[in-house]
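Numbering (this note's numbering), first residue to last: 439 to 1091. Yeah, the Cβ is synthetic: ideal placement off N, Cα and C, and Gly gets one too. A short write-up of the structure that comes next.
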RNA sequence: GCCACCCUAGCUCAACUGGUAGAGCGACGCUUUCGUAAAGCGUAGGUUGUGGGUUCAAUUCCCAUGGGUGGCUCCA
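Spelled out as structure tokens, the structure:
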């Protein structure tokens, strides 16, 4: 009899009692080990095993010595196994309910899992209850799940028998020497890498969320499949909580709040073109003032370039060949013009307009650049994807040796701004796309510069291969919206192609012309998209410096106290505090509620006491009733809160 | 652009299997003059997104079209 020795790093108490490893018969499965009750861990609470740090199924025989651990539900690995198996469970239910279905892929994702199906029946949300009921039934049947491994030829036969032509396509792309594993639970068998739980009874809590179309292999020329998004957790309580959090998040949706707070609107007359209402414009302007200060400190100068420029320019810049599908065109005096989708060509014309010396570099030209891009109608989404938006754009012309320090400076600005709002962000490096301009050498150089800047900044990042702009690679800074969707906001791009196309040059210390490098950069990205994230993060209750209505003055009696209320109101306006005055007659409770619901930063209640003592009774949106204080005291505190651009009230409760 | 779904008053939503539209909030008017989350009464708002069709009859069924939502592709 061959034996193996297993160590259990997940159970330090064993070692405390002097046991380093335990001997077992070779071929024992993790499940059998568990059932020897060496640890206080029931098999029912284990989803999979971990052998030498590789997650495996519980019923896989162990043939050699090594480290054995167990995957429990409330761990990232456990959740992943649970959800992956739940995807199979859902597919199994679809097979039972709808019979004639072909399976594509069913991976886990950040918040759950999905499975792509090809079938004639069109899924409707009404089907969800049906499918969930079938899933529950399969769970109650507690069907064993088993893994089978085949050669490629055998696997091919299996898939042919299943008429799984999508999976067959994937199979043919793999080498002969791979292991082709199938997982079977009752009448459902799926080609899958695994691992999975060992029986369906371990899948306790799940919920189908939405149905969506998706192209096979993400290719718009291929078949459109039906995708069901769903989620699963170890317990029903966690599913309920997940659903609750999603419902709460929907209340913060910027499209809903934008309407409620009269920030902006969309009209059928201009799909994808936002209309900014007065309150929304206040938000935009405050953001711009804030950014202008930072730009000044970092030695940027501001330019404005025209909205419409002729076709010759766009041909020169490469947009005509690489971006035409997204552009709007017009004719002026029989000549073809385009509405700018980017600000860079205009900036290049400004650079080229004078002879530039190496002493002028880096030349940092900022522009609040309003750009129009023709987006496909299906992608439009509130302020997050629009057809006209304002970039806090800048183009920095510098010498090659200045690239890294310039990018470093940009990353510091970005940090400063995102921290100001307490946003956390993720970074991606997007590399050369298939359809691009410039030589290999230039691209390597540009990508290298971005990588070095990231490393200097000690930033975590992922690489998006082939996702760069047509003229250069880019860093993308992503923020998340209230529903967990990630949006690219800030971006930093290295461009060595555009300066060449525009034949840009500066005079070096050697009195010779040299080619500058051009850096494109936006910190907020687009004001529209950034504002949508702001709205959702603050749930519409903006910090005072951003709030469209900062103070509302409410006289208790519109007959007896309106005069003094008006004095208060006018003093606030003198200090450039955005105050309004309530002149109608409504109950105080009503006005307080309105003020809270409309998320006004401060409500000042004016009654008899305030009038006689030259005071105001202050209610903060954030903290509630702050009691009375002198008008001067309030003005001083409010002014300081606004000037410091604080996220929170400066008053003490 | 593709797949699915949705569209009723300014907003949020009702109206059983087709019988021809109703509430709350808001707005407006009158009464009330109030001490920290909704005072009372009344009035005006809709060719049910638009256009066609089926039917004695369409908000309801069918077709087309516009806009939106969730995704996919694409992107700040």
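Just to confirm before moving on: does the CB-CB distance between residue i and residue j stay below 7 Å?
| i | j | result |
| --- | --- | --- |
| residue 955 | residue 838 | yes |
| residue 1040 | residue 1020 | no |
| residue 1092 | residue 888 | A query on residue 1092 cannot be resolved here, the shown segment of the chain reaching from 439 to 1091 and no further. |
| residue 445 | residue 505 | yes |
| residue 520 | residue 577 | no |
| residue 811 | residue 764 | yes |
| residue 1054 | residue 1017 | no |
| residue 536 | residue 557 | yes |
| residue 737 | residue 794 | no |
| residue 447 | residue 485 | no |
| residue 703 | residue 822 | no |
| residue 901 | residue 848 | no |
| residue 1078 | residue 1088 | yes |
| residue 1030 | residue 1076 | no |
| residue 620 | residue 643 | no |
| residue 456 | residue 690 | no |
| residue 582 | residue 631 | no |
What do you get for residue i, buried or exposed, if any count of 16 or more other CB atoms within 10 angstroms of its CB means buried?
| i | result |
| --- | --- |
| residue 782 | buried |
| residue 797 | exposed |
| residue 877 | exposed |
| residue 439 | exposed |
| residue 967 | buried |
| residue 700 | exposed |
| residue 755 | buried |
| residue 836 | buried |
| residue 844 | buried |
| residue 875 | buried |
| residue 776 | buried |
| residue 958 | buried |
In whole angstroms, give me the CA-to-CA distance for residue i and residue j.
| i | j | result |
| --- | --- | --- |
| residue 1023 | residue 528 | 59 Å |
| residue 805 | residue 832 | 6 Å |
| residue 885 | residue 909 | 12 Å |
| residue 611 | residue 819 | 36 Å |
| residue 825 | residue 974 | 21 Å |
| residue 589 | residue 758 | 51 Å |
| residue 936 | residue 964 | 22 Å |
| residue 477 | residue 559 | 49 Å |
| residue 551 | residue 570 | 15 Å |
| residue 1065 | residue 712 | 41 Å |
| residue 918 | residue 503 | 45 Å |
| residue 943 | residue 950 | 9 Å |
| residue 906 | residue 534 | 44 Å |
| residue 647 | residue 1010 | 49 Å |
| residue 495 | residue 668 | 23 Å |
| residue 460 | residue 441 | 10 Å |
| residue 584 | residue 618 | 14 Å |
| residue 872 | residue 450 | 53 Å |
| residue 923 | residue 683 | 14 Å |
| residue 1052 | residue 1071 | 11 Å |
| residue 530 | residue 601 | 16 Å |
| residue 920 | residue 687 | 5 Å |
| residue 960 | residue 469 | 55 Å |
| residue 1177 | residue 983 | Coverage of the chain is limited to positions 439 through 1091, which leaves residue 1177 absent and any answer about it impossible. |
| residue 1080 | residue 740 | 25 Å |
| residue 883 | residue 751 | 26 Å |
Going by C-alpha distance, which of the options is nearest residue i?
| i | options | result |
| --- | --- | --- |
| residue 392 | 1015, 946, 732 and 802 | Shown here, the chain extends from 439 to 1091; a query on residue 392 therefore has no answer. |
| residue 514 | 504, 547 and 531 | 547 |
| residue 541 | 606, 520, 692 and 684 | 606 |
| residue 862 | 972, 880 and 599 | 972 |
| residue 986 | 957, 1026, 1037 and 504 | 1037 |
| residue 865 | 817, 840 and 915 | 915 |
| residue 1048 | 841, 500, 1014 and 995 | 995 |
| residue 880 | 829, 653 and 938 | 938 |
| residue 858 | 992, 654 and 1082 | 1082 |
| residue 829 | 714, 1060, 650 and 927 | 927 |
| residue 628 | 721, 650, 749 and 522 | 522 |
| residue 842 | 851, 784 and 891 | 891 |
Are at least three pairs of beta-carbons, each pair with one atom in the stretch 887-904 and one in the stretch 659-668, less than 8 Å apart?
no
Do the stretch 481-495 and the stretch 451-465 touch if we need at least three Cβ pairs shorter than 8 Å?
Taking 8 Å as the limit for Cβ pairs, the verdict is that the stretch 451-465 does not touch the stretch 481-495.
Three or more C-beta pairs under 8 Å: does that hold for the stretch 669-689 against the stretch 591-599?
no
Take every Cβ of the stretch 763-776, pair it with every Cβ of the stretch 784-797, and state whether three or more of those distances are shorter than 8 Å.
The stretch 763-776 vs the stretch 784-797: no contact.
Is the stretch 995-1006 in contact with the stretch 1042-1060, if contact means three or more CB pairs nearer than 8 Å?
yes
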